[in-house]
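Letter 195 of the sequence shown, counting from 1, is numbered 195 in the UniProt record's numbering, and no numbers are missing. C-beta: ideal position from N, C-alpha, C; glycine also. I have placed the structure first, in the form of structure tokens, so that the comments after it can refer back to it.
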Amino acid sequence: MESRAHTLRVIDEAYEAKRRLYKILLFFGLLGVILVGSVTFSMNLNDREGNRHPRNADDDQILLSVCRNRTQRLNEKIKERDDKLLESTRELETQKAQINDNVTNLEKQIANLKTQLENQQKQINSLQSVESTQKAQIASLQEKYKACTNSKNMLPCPIGWQLFGGYCYKFSFQYVKYDQAKEMCEKENSHLVSIHSAVENDYVASFLPKENHFIWIGAELSGSTWIWSDGSAMSFTSWWSGLQQQVDVGGKWGHLSTPGKGWGASLRSSTHGVVCKKPTHK
Numbered sequence: 001m002e003s004r005a006h007t008l009r010v011i012d013e014a015y016e017a018k019r020r021l022y023k024i025l026l027f028f029g030l031l032g033v034i035l036v037g038s039v040t041f042s043m044n045l046n047d048r049e050g051n052r053h054p055r056n057a058d059d060d061q062i063l064l065s066v067c068r069n070r071t072q073r074l075n076e077k078i079k080e081r082d083d084k085l086l087e088s089t090r091e092l093e094t095q096k097a098q099i100n101d102n103v104t105n106l107e108k109q110i111a112n113l114k115t116q117l118e119n120q121q122k123q124i125n126s127l128q129s130v131e132s133t134q135k136a137q138i139a140s141l142q143e144k145y146k147a148c149t150n151s152k153n154m155l156p157c158p159i160g161w162q163l164f165g166g167y168c169y170k171f172s173f174q175y176v177k178y179d180q181a182k183e184m185c186e187k188e189n190s191h192l193v194s195i196h197s198a199v200e201n202d203y204v205a206s207f208l209p210k211e212n213h214f215i216w217i218g219a220e221l222s223g224s225t226w227i228w229s230d231g232s233a234m235s236f237t238s239w240w241s242g243l244q245q246q247v248d249v250g251g252k253w254g255h256l257s258t259p260g261k262g263w264g265a266s267l268r269s270s271t272h273g274v275v276c277k278k279p280t281h282k
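Below, the structure written as structure tokens:
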């Protein structure tokens, strides 16, 4: 916009210069007319006084020729300056038209940019609204989660545990030693599984692959008596027939194996999978 104003000022100054030039040319034109009139008057005066002062015709012709030549040169200069001024005026008009076109294009671009900015602002406002809604939903879900975790009516078993017969079971096929298996269960407020019926034994065994896999159970040999590590009574057993041979070689910690779903005795340093067990939430 500043460039457009500057150009318009230049055009106005050019027009003003043209007017001043016309005044100067008019002045010189009038001066030429006056000069020619003066020469003519002088020639007439000489004619009237010819009897007293004889006149040289050659001198009059020379003077008249000089005046005519000067007038012609002055007219040529005036025409030359008029042509240059006309050419400059045309160039300025062309530049003015180009500037007007450029300004019009810039105004259109500015209008387009304003429209794009308004659309982007609308999108930003929409996204901010969505963000606010999502934050409110997250806050609501967090409150519900807190209420759920603090409620007495929680799910029977924690996430990752399996519910069966009023107890929660968690299976891990990370093979570890007996003491490590007990520690894993105790960290989750549970014990190595104790089994009290054939149905429960089948349920625990159902999580094992069909062949040659072992998991620790909470059976421990105390003296000559097998007990459960969680302190419950051993009312059900499913020992293999070769149990005594395993005990004779140091096996004092129980395992369940497949196939057959039978129990055996392992060394404390043996590595098996783990099954933890704990009551459901009260």
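Query raised in the report: Is there contact here, the region 255-270 with the region 161-169, by at least three beta-carbon pairs under 8 Å?
Result: Contact between the region 255-270 and the region 161-169 is absent, because fewer than three Cβ pairs lie under 8 Å.
Report task. Measure from the alpha carbon of residue 311 to the alpha carbon of each residue in 188, 98, 192, 94, then state which is nearest. Result -> The chain is shown from 1 up to 282; residue 311 falls before or after that span and cannot be answered.
**Report entry** Whether residue 229 touches residue 278 by CB criterion (8 Å)
**Finding:** The answer is no: Cβ separation not under 8 Å.
Report task. Please confirm if the region 191-205 is in contact with the region 239-251, defined as three or more CB-CB distances below 8 Å between the two stretches. Result -> No contact exists between the region 191-205 and the region 239-251.
Query - Local conformation of residue 185 per DSSP, three classes - result: When DSSP states are grouped into helix, strand and coil, residue 185 belongs to the helix group.
Query - Alpha carbon of residue 252 to alpha carbon of residue 216, nearest angstrom - result: Residue 252 and residue 216 have their C-alpha atoms roughly 12 Å apart.
Query raised in the report: Within 10 angstroms of its Cβ, does residue 119 collect 16 or more other Cβ (buried), or is it exposed?
Result: The residue in question, residue 119, is exposed, as its Cβ has fewer than 16 Cβ neighbours within 10 Å.
Query - Inter-residue spacing [alpha-carbon to alpha-carbon] between residue 91 and residue 27 - result: Residue 91 and residue 27 have their C-alpha atoms roughly 27 Å apart.
Query raised in the report: For residue 272, is the classification buried or exposed, using 16 other Cβ atoms within 10 angstroms of its Cβ as the cut-off for buried?
Result: By the neighbour-count rule (16 or more Cβ atoms within 10 Å), residue 272 is buried.
**Report entry** Whole-angstrom distance between residue 246 and residue 270, CA atom to CA atom
**Finding:** CA-to-CA, the gap between residue 270 and residue 246 works out to about 13 Å.
Query raised in the report: Between which two residues does the beta strand (DSSP E) carrying residue 155 extend?
Result: Annotation: residue 155 is outside any beta strand (DSSP E) and is labelled neither H nor E by DSSP.
Query - In DSSP terms, what residue 227 is bridged to - result: Answer is 220, bridged to residue 227.
**Report entry** Assigned secondary structure, residue 282 (DSSP; H/G/I helix, E/B strand, else coil)
**Finding:** Interpretation of residue 282 is limited by its pLDDT of 46, a score under 50 that renders its predicted location unreliable; the figure taken from the coordinates is listed afterwards. In this structure, residue 282 counts as coil in the three-state DSSP scheme.
Query - Extent of the continuous beta strand (DSSP E) run through residue 249 - result: Segment: none, residue 249 is in no beta strand (DSSP E) and carries neither H nor E.
Query raised in the report: Are residue 219 and residue 226 close, meaning C-beta to C-beta below 8 Å?
Result: In this structure, residue 219 sits near residue 226, with a CB-CB distance shorter than 8 Å.
Report task. Buried or exposed for residue 321, please, with buried defined as at least 16 other CB atoms from any protein chain shown within 10 angstroms of its CB. Result -> This structure cannot settle anything about residue 321, because the visible part of the chain is limited to 1 through 282.
Query - Pick from 180, 268, 274 that is closest to residue 208, judged by C-alpha positions - result: For residue 208, the closest alpha carbon among the candidates 180, 268, 274 is that of 274.
Query raised in the report: So the beta strand (DSSP E) residue 265 belongs to, where does it begin and stop?
Result: Start and end: 263-266.
Requested in this report: Indicate the three-state DSSP secondary structure (helix, strand or coil) for residue 277 in the structure shown.
Outcome: DSSP places residue 277 in strand when its eight states are reduced to three.
**Report entry** Rounded C-alpha distance that separates residue 197 from residue 204
**Finding:** So the two alpha carbons sit approximately 11 Å from each other.
Query - Residues near residue 210 in its chain [Cβ-Cβ closer than 8 Å; skip 5 each side] - result: Hits under 8 Å: 258, 259.
Query raised in the report: Are residue 276 and residue 157 closer than 8 Å when you measure CB to CB?
Result: No, they are not a contact pair.
Query - Simplified DSSP assignment, three categories, for residue 146 - result: In the structure shown, residue 146 sits in a helix (DSSP, three-state: H, G or I).
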